[in-house]
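As you go down the protein sequences, you meet chains A and B in turn. Counting from 1, position 321 in the first sequence corresponds to residue 320 in numbering that gives the first Met the number 0; the numbering is continuous, with no gaps. Counting from 1, position 96 in the second sequence corresponds to residue 95 in numbering that gives the first Met the number 0; the numbering is continuous, with no gaps. Here a beta-carbon is modelled for each residue, glycine too, at the ideal position from N, C-alpha and C. Quantities reported herein were computed from a predicted structural model and do not represent experimental measurements. Quick notes on the structure that follows.
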Amino acid sequence: MSDPVPPPIVAPSTTPPLSLHVPEPAVRPGGKPDFSHVRVPEAGTVRRPPLDVAAADIRDLAYTIIRVLNREGRAVGDWAGSLDADGLRRGLRAMIKTRAFDARMLMAQRQGKTSFYMQSTGEEAIACAFQLALEPGDMNFPTYRQQGLLIAQDWPLVDMMCQIFSNEKDRLGGRQLPIMYSARDAGFFSISGNLGTQYVQAVGWAMASAIRGDTRVAAAWIGDGSTAESDFHSALVFASVYRPPVILNIVNNQWAISTSQAIAGGENATFAARAHGYGIPSLRVDGNDYLAVHAAARWAIDRARRNLGPTLIEWVTYRVAAHSTSDDPSKYRPKEESDAWPLGDPVERLKNHLIGIGEWSDERHAQARAEIDQEVLDAAREAERHGTLHTGPKPSAKAMFEGVYKDMPKHLREQRRELGV
Amino acid sequence: MARITMIEAIRDAIDLMMARDDKVVVFGEDVGYFGGVFRCTDGLQRKYGRTRCFDTPISETGIVGVAIGMGAYGLRPVCEIQFADYVYPAYDQIVSEAARLRYRSAGEFTSPLTIRMPCGGGIFGGQTHSQSPEACFTHVSGLKTVIPSNPYDAKGLLISAIEDDDPVIFLEPKRLYNGPFSGHHDQPVVPWSRHPLSEVPDEYYAIELGKAAIRREGAAVTVIAYGTMVHVAEAAAAETGIDAEIIDLRTLIPLDTDTIEQSVRKTGRCVILHEATRTSGFGAELSAQVQERCFHHLEAPILRVTGWDTPYPHAQEWDYFPGPARVGRALKAVMEA
């Protein structure tokens, strides 16, 4: 017999019955996109505090949005000026390349050359600008949507693609789901795929750097949805207690597959504000503004390197593409929603800025895109020569048993024999 | 040679490794200033400083999570989970992260962690201070699981665990911390000083992981045990007069199947002991291994003597704990079969 549901307690007449609040996004498919809840301040209006500022003195910075590029594409305010024209052009090329890479790999998945892909469309500025504010030796603990960290530092596209194709040249030997790269030499920690776990590991890596008297810093990455995981809160507690050199990045792209950021608690407070309870300085930044991302990243990285402790940054952005190739966002949000996103497109904004200051042109942009498209296509062709998931050479079954332990124990040798490889 | 307790042997191993390798760092709840609730890290913070031995927040997820990050950096973390019963918040970090990091990164990143935790019953700890969760770890590829039964092994195995480049779950039967335990809870406590395996050299020595020890040679029946149950098996053999061969596994993964196979082929009978709950326990794996390897040598069904499939009770501790009387009955049963 099942336990009976207790009967409702009859409320006194003065108390209305309780009801449960279940957040819903402003609009669902068929509705008119509405981002009126995203309050966007004018660019250049948010102050840039000194590096050694106390967390308590910048609480307001967790409730606003740091922006550098204004509507006319001019760089304004305290946070402007962290990059020269060469640095800006490098960033623009990195973003264009990330977008081209995504397009090519999406097509490869559609053609059956791999099982799975995840694009970062609309979020390219965050990974690219952040990476270009780091130093060699620093370590990112990324999520699956930070391919820009590798692409911005010109890590070989062919290596990334071979991993995606799980082919004979896959540096990870076909063991990992496509896009779960690992690149130690590039300061890119192995992506787990279990959400949030890497956040607290980044804190541990940074603690180790401090224990050893090193000067290297760690960057933790997480999405708005995964901030609900206990790993996020453990990371903030440890970062608060030991003050290691770590930047705690939250990429708030509004959507965790089909659940809006409200289901992760974004309705009641900003994600940046979560740092306040831990006494960690926190910024909220326009993630589609390359200049703002670079300036805020540099601020937090400099703080970390000078032993001033952790910084949390919420990057406000929008996931333009589907969550993954297994997802269809038209089922849960209006198709035109990304067009209505108030922070615009990061590539267009940086391009317009560079043109505005006379350091770029539509012609140069078109030429750069053509060159990069060709570079990505050439890389794809080379990667495909080493095999794709279902055709061509791939890692051996024998290799499946290697690397579980440093030295293969007897039971794995027996099982390998049983498979006959 | 000094006669010391299991606690002192564990502390000795950590101390020695901290002195030999400045990349060894030690942390956990109450581990630093206070030296651990069981005193296994007593004095280490004073000796090595607060950045090598320190207290952590009460967050097992955090303890193991930061240990993984430190390991990826190049340190050799030795972290303590205050009781094995508290490890579950860290389970995702252990199973999905530490255990698979080498594999998924093709060796770019590794997890040379030692995760120590007191386990097992016999101290009236109730359901939150008595569990034996070893099977939760032996089921996970990429982990090694170690459980010593005496001070000599504790030191040598812990040194090997700390030196190992893969993650090691190091289970410490807490009822054995201060003395061997036959399961006769109504008899006076015996100190380690009366047991020969409390003689522990001061200097460094390592016991290879994956090698069992034969505690008692015998011809009639093979008893496979580990941790506290090794001592219970010895008592049961003495009390029944059955010539049992008692294997102390010491390491569960990698498992020393050679020693098991050799013994069962000789005796033709096998009894498997553990404190943990029976269903899907490590005894099930041992039983399967024995029948796969020794079926034609078996003269009786393999028996298991284990904790019952209930949460670990408080008042009924001695009805739950698989003591020498139950083990003795199983020995007689396989001899009569």
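Straight-line spacing of the CA atoms in phenylalanine 270(A) and valine 45(A) works out to 18 Å. Of all residues in the segment 52-69 of chain B, the ones placed with a Cβ closer than 7 Å to any Cβ belonging to chain A are Pro56, Ser58, Thr60, Gly61, Gly64, Val65, Ala66, Ile67, Gly68 and Met69, in chain order.
DSSP places lysine 143(B) in the strand class (E or B) of the three-state scheme.
A direct Cα-Cα distance of roughly 33 Å separates glycine 343(A) from arginine 183(A).
Per DSSP, the continuous alpha helix (DSSP H) segment holding aspartate 257(B) begins and ends at 256-266. For tyrosine 225(B), no chain A residue has a C-beta closer than 7 Å to its own C-beta; the minimum C-beta separation is roughly 17 Å. For the segment 71-92 of chain B, the set of residues with a beta-carbon nearer than 9 Å to any beta-carbon of chain A comprises Ala71, Tyr72, Gly73, Leu74, Pro76, Pro88, Asp91 and Gln92, in chain order.
Around glycine 402(A), the beta-carbon contacts reaching into chain B at under 7 Å are Arg101, Tyr102, Ala105 and Gly106. By a beta-carbon distance limit of 8 Å, valine 250(A) contacts glutamate 122(A). Their separation comes to about 6 Å. Ranked by how close their Cα comes to the Cα of alanine 18(B), the residues Arg75(B), Leu112(B) and Pro310(B) have Arg75(B) in first place. Where serine 208(A) is concerned, the enclosing alpha helix (DSSP H) starts and stops at 196-210. Inclusion of methionine 160(A) and alanine 398(A) in the CB contact set at 8 Å is not warranted, their separation being larger than that value. Taking a Cβ-Cβ cut-off of 8 Å, isoleucine 65(A) has no neighbours in chain B, whose nearest Cβ is about 28 Å from it. Distance check between asparagine 166(A) and each of Asp406(A), Leu418(A) and Ala382(A) places Ala382(A) closest, using alpha-carbon atoms only.
In this structure, threonine 113(A) lies near proline 177(A), with their beta-carbon atoms less than 8 Å apart. For histidine 273(B), the enclosing beta strand (DSSP E) begins and ends at 269-276. Under the three-state reduction of DSSP, threonine 13(A) is assigned to coil, being neither helix nor strand. In the DSSP assignment, tryptophan 317(B) falls outside any beta strand (DSSP E) and within the unbroken alpha helix (DSSP H) covering 316-319. In the DSSP assignment, the residues bridged to serine 259(A) are Trp254(A).
Of all C-beta pairs linking the segment 258-275 of chain A to the segment 321-328 of chain A, fewer than three are shorter than 8 Å, placing the two stretches out of contact. Of all residues in the segment 183-211 of chain A, those with a C-beta nearer than 7 Å to a C-beta of chain B are Arg183, Phe188, Ser189, Ser191, Asn193, Thr196, Val199, Gln200, Ala201, Val202, Gly203, Trp204, Met206, Ala207, Ser208 and Ile210, reading in chain order. By the criterion of a C-beta distance shorter than 6 Å, alanine 321(A) is surrounded in its chain by Pro328, once the five residues flanking it on both sides are discounted.
Between threonine 40(B) and glycine 43(A), the alpha-carbon positions lie close to 53 Å from each other.
By the neighbour-count criterion, in which a residue is buried when 16 or more other Cβ atoms sit within 10 angstroms of its Cβ, threonine 4(B) is buried. With at least 16 other beta carbons inside 10 angstroms of its own, aspartate 163(B) counts as buried.
Nothing from the segment 267-278 of chain A brings a Cβ to less than 9 Å from some Cβ of chain B.
In the three-state reduction of the DSSP assignment, glycine 222(A) falls in the strand class, which pools E and B. Membership of isoleucine 245(B) in the beta strand (DSSP E) is indicated by the continuous run 243-247.
Note on geometry: alpha-carbon atoms of leucine 251(B) and proline 155(A) lie some 43 Å from one another. Under the 8 Å criterion on CB atoms, serine 119(A) is classed as non-interfacial with respect to chain B.
The criterion of a C-beta distance shorter than 8 Å is satisfied by phenylalanine 188(A) and alanine 71(B). Here phenylalanine 294(B) is exposed: its Cβ has fewer than 16 other Cβ atoms, across all protein chains shown, within 10 Å.
The beta carbon of phenylalanine 237(A) sits closer than 6 Å to the beta carbons of Val202 from its chain, once the five residues preceding and following it are set aside; these are given in chain order. Sequence-distant Cβ neighbours of threonine 256(B) in its own chain, meaning closer than 7 Å and more than five residues away, are Gln288 and Arg292. Remark: C-beta atoms of threonine 196(A) and glycine 61(B) do not approach each other more closely than 8 Å. Residue state for isoleucine 301(B) is assigned as coil, using DSSP reduced to three classes.
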